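Remarks on the structure that follows.
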Amino acid sequence: MTAFFDMGGYGWFVWSAYGMTALVVVAELISLGNRRRRGIAEARRAEPDIPATTRSALDPAGSA
Amino acid sequence: MPSTWYRYASPATFYAFAGHWARLFALAAALLCIAGLYVGLLVAPTDAQQGEAYRIIFIHVPAAWMSMFIYLVMAFWSALALGFNTRLSAMMAQALTPTGALMTFIALWTGAFWGRPTWGTYWAWDARMTSELILLFLYFGVMALRNAIDDPRRADRACSVLTLVGAVNVPIIYFSVQWWNTLHQGSTISMTTAPKMAAIMLTGMLLMTLAAWAYTIAVTLVRVRAIIVERERGATWLSQLPELRRMRA
Amino acid sequence: MTTLVPATLVVRTEDGAVLRAFRWALARDLKLALRSKAELAVQLLFYVIVATLFPLAIAPERPLLAALGPGVVWVAALLASLLSLPRLFATDAADGTLEQIAHSPWPLPALVSGKMMAHWLTTGLPMALLAPILSVQYAIDGVAVWVLAGALLVGTPVLSMLGGIGAALTLGARGGGSLLALLVLPLCVPVLIFGAGAVDAVRAGLSVAPHFALLCAGLLIAIVGAPFAAAAAVRIALD
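Residue numbers (our numbering), protein chains in the order written: chain A, 500 to 563; chain B, 546 to 794; chain C, 80 to 318.
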């Protein structure tokens, strides 16, 4: 196990490389998730009156 | 045939299409990455000259390839956007740019950390790395231009022109940097010559390359969906989406 | 023969329209630029000052300066070109002239290349002519001085043209000059490499023919491609 982390003495280099890659990939995925959530929230805020359903007293079955 | 293509040029149709395929490519990326890392870190033997440090190429080489390939794909979508004036083509180019910049950064970072133990220096002004750095500046330029123009359609067209001008220049830049490097480099070291590769090492690299491909496609499709939501505000089909209508009375 | 016809009716380019458009744009921009000679002088001063800063920041040792000289002069020329690029289109866009020009029946690429030529005549050409003076500061002598001036003569038009594309793309965008620099500088790297490389080559006793051949090739590609790219960018900016 320690041999895996040590990488024949090159541990600092190998894990700095892999580590930064993992970091930026995770950062991209998180920022992408945030962007999508923000976009949906803003789109919802822009159209506040659309009901989830068109059920009403005159049309109990709804047509949505 | 043309009708099928044009159908997918509509953001509404493409949104569902992209969502479906993004999930598949994300799964593929995860599996390929696990397989590639397993082969690269655990199965592949130690290199005779470079020791364990060579294992960085399993990230460096796929990232470098993707950084260049993504720019070409961006140029393709930009050409379509200018030629057919389709919004979605420009949105695809917009979605690809951050991932392209990311791949370029990863290629530069891993290249530096591969160079230090192998050739003694983090940065050696060799042709490939210098061209890669200029490519990063080109990506940043496109992103900065999009940020600087408020009108999205104007930004689409301006960034498309810039991407195409950059695409024409990239081979020229690469050639000139390579020529400059052969003059000034004392030894004939190229920071990006990989060690002579055993078959198992090539397998690992192939798996990681495919993983990078699948990751790029998945992330780009998810990003283009987010861009569609941002830019197609007011469209009826958008307001009918389940994500938007959830949690409302 | 030119007649006053509404632009919307004219779809065919007349014979000689390209050359006439080029000459008109060149004459106009030169006239406008020469009205503010002070501004042109300031640009050249910037070029000289930047080139003077490097020895002050490093050390005035002759061999060091001789090695750095061509590169420093080239970078200074590049930065000084960038300074004046925003005004290539911005002043015309501000008072609506650019829109009029774009709607005229004359081909926009020809008009744009006239503007680029005027820009080069007022920035690149003076810098190439000043290069022998700056060479004195950097202990560049003999044939190398003329090679430097010649390389600048061939390379600065390319800088003007690539810069023109950048100026058109950043018209009305936030970020101004720095954004322009970010967009244009990476594209200018080949000109920099071959332009400064020519001087190094002649000082090493090698032939400068390949360098000048490549610089000329770059110039030809720029002449053929840049006006169209810049014209497209101008139309995008005016929409």
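We treat Cβ as the ideally placed atom computed from N, Cα and C, and that holds for glycine. Quick caveat: nothing in here was measured; it's all calculated off a predicted structure.
Could you give the residue range of the alpha helix (DSSP H) that holds F720/B? Within the second sequence, numbered from 1, the residue matching residue 720/B stands at position 175. Start and end: 697–729.
Status (buried if at least 16 other CB within 10 Å, exposed otherwise) for I762/B: Taking the second sequence and counting its residues from 1, the one referred to as residue 762/B is at position 217. With 16 or more Cβ atoms within 10 Å of its Cβ, I762/B is classed as buried.
Alpha carbon to alpha carbon, how far is L259/C from R282/C? Give it in angstroms, no decimals. Walking along the third sequence from the start, residue 282/C turns up at place 203. Walking along the third sequence from the start, residue 259/C turns up at place 180. If you take the alpha carbons of R282/C and L259/C, they lie about 34 Å apart.
For a cutoff of 8 Å on Cβ pairs, would you count V525/A as touching chain B? To locate residue 525/A, count along the first sequence from 1; it is residue 26. With respect to chain B, the C-beta atom of V525/A has no partner C-beta closer than 8 Å.
Start and end residues, alpha helix (DSSP H) containing G221/C: The sequence position of residue 221/C within the third sequence is 142, counting from 1. In this chain, G221/C is not harboured by any alpha helix (DSSP H), its DSSP state being neither H nor E.
Contacts around P556/B, its chain only, beta-carbon distance under 7 Å, and the 5 residues preceding and following it disregarded: Working through the second sequence from its first residue, we reach residue 556/B at position 11. Counting only residues of its own chain and dropping the five nearest sequence neighbours on each side, P556/B has a CB closer than 7 Å to the CB of R632, L633, I773, E777.
For H605/B and V233/C, the rounded distance between their alpha carbons: As a working note, residue 233/C is residue 154 in the third sequence. As a working note, residue 605/B is residue 60 in the second sequence. Just so you know, the alpha carbons of V233/C and H605/B end up roughly 38 Å apart.
Express the C-alpha separation of T727/B and A589/B in angstroms, rounding to a whole number. For the purposes of this step, residue 589/B is identified with residue 44 of the second sequence, where counting begins at 1. For the purposes of this step, residue 727/B is identified with residue 182 of the second sequence, where counting begins at 1. Taking the CA atoms as reference points, A589/B sits about 33 Å from T727/B.
Whole-angstrom distance between G660/B and T733/B, CA atom to CA atom: What you label residue 733/B is simply residue 188 of the second sequence in a count that begins at 1. What you label residue 660/B is simply residue 115 of the second sequence in a count that begins at 1. Below a pLDDT of 50, predicted positions are generally treated as unreliable, and T733/B, at 46, falls in that range; no measurement from the model is reported.
How would you list, in chain order, the residues of chain C whose beta-carbon sits under 7 Å from the beta-carbon of I717/B? Walking along the second sequence from the start, residue 717/B turns up at place 172. P269, listed in chain order.
Of all the options R102/C, T176/C, V97/C, A156/C, which has the alpha carbon lying nearest to the alpha carbon of S239/C? Along the third sequence, read from residue 1 onward, the residue named residue 239/C stands at position 160. The alpha carbon of S239/C has as its nearest neighbour, out of R102/C, T176/C, V97/C, A156/C, the alpha carbon of A156/C.
Give me the residue from T708/B, G749/B, L625/B, I602/B with the minimum Cα distance to G656/B. Taking the second sequence and counting its residues from 1, one reaches residue 656/B at position 111. For the set T708/B, G749/B, L625/B, I602/B, the Cα lying nearest the Cα of G656/B is the one of I602/B.
Which residues in the same chain as A646/B place their Cβ atom closer than 6 Å to its Cβ, once the five residues preceding and following it in sequence are excluded? Along the second sequence, one-based indexing puts residue 646/B at 101. Within the same chain, and ignoring the five residues on either side of A646/B in sequence, the residues whose Cβ sits closer than 6 Å to its Cβ are Y684.
At what residue ranges does the stretch 92–137 of chain C contain a whole run of the alpha helix (DSSP H), taking only runs of 4 or more? Taking only runs of at least 4 residues, the alpha helix (DSSP H) segments lying wholly in the stretch 92–137 of chain C are 96–114, 116–136.
For P643/B, which residues in the same chain have their Cβ closer than 8 Å to its Cβ, ignoring the five residues on either side in sequence? For the purposes of this step, residue 643/B is identified with residue 98 of the second sequence, where counting begins at 1. Same-chain partners within the cutoff: M688, R768.
Measure the Cβ-Cβ separation of H198/C and G243/C and say whether it is below 8 Å. Looking up residue 198/C in the third sequence gives position 119. Looking up residue 243/C in the third sequence gives position 164. Between H198/C and G243/C, the C-beta spacing is below 8 Å.
Compute the distance between the beta-carbons of A756/B and A608/B, then report whether it is under 8 Å. The residue given as residue 756/B occupies position 211 in the second sequence. The residue given as residue 608/B occupies position 63 in the second sequence. Going by beta carbons, A756/B and A608/B fall outside the 8 Å limit.
Residues within the stretch 742–763 of chain B neighbouring chain A, beta-carbon criterion of under 7 Å: Residues: none.
Kindly give me the distance between the Cβ atoms of V268/C and L241/C, rounded to whole angstroms, as I take these residues to be in contact under 8 Å. By one-based count along the third sequence, residue 268/C stands at place 189. By one-based count along the third sequence, residue 241/C stands at place 162. Between L241/C and V268/C the Cβ distance is about 11 Å, and since that is not below 8 Å, they are no contact.
For T235/C, the nearest candidate out of V151/C, M196/C, A309/C (CA to CA): Taking the first residue of the third sequence as position 1, residue 235/C is located at position 156. When the alpha-carbon of T235/C is set against those of V151/C, M196/C, A309/C, the nearest one is in M196/C.
For the alpha helix (DSSP H) containing E775/B, name the first residue and the last one. Stepping through the second sequence from its first residue, residue 775/B is reached at position 230. Taken as a continuous stretch (DSSP letters only), the alpha helix (DSSP H) holding E775/B covers 744–776.
Excluding the five sequence neighbours on either side, which residues of its own chain have a C-beta within less than 8 Å of the C-beta of Y719/B, listed in chain order? The residue labelled residue 719/B in the question sits at position 174 within the second sequence. Listed in chain order, the non-local C-beta contacts of Y719/B below 8 Å within the same chain comprise A672, S676, local neighbours out to five positions each way being set aside.
What does a CB cutoff of less than 6 Å around Q723/B pick up in its chain, not counting 5 residues either side in sequence? Position 178 of the second sequence holds residue 723/B. The residues A672, in chain order, have a CB closer than 6 Å to that of Q723/B in the same chain once the five nearest residues on each side in sequence are set aside.
Could you list which residues in chain B have their beta carbon closer than 9 Å to that of T468/A, in chain order? Given that chain A is displayed from residue 500 to residue 563, the structure contains no residue 468/A and the question cannot be resolved.
Is there a C-beta anywhere in chain B that falls below 8 Å from the one on F512/A? In the first sequence, counting from the first residue as 1, residue 512/A sits at position 13. Chain B, which has a Cβ nearer than 8 Å to the Cβ of F512/A, makes this yes.
Per DSSP, which one or two residues make a beta bridge with D592/B? Residue 592/B sits at position 47 when you count from the first residue of the second sequence. DSSP lists G596/B as partners of D592/B.
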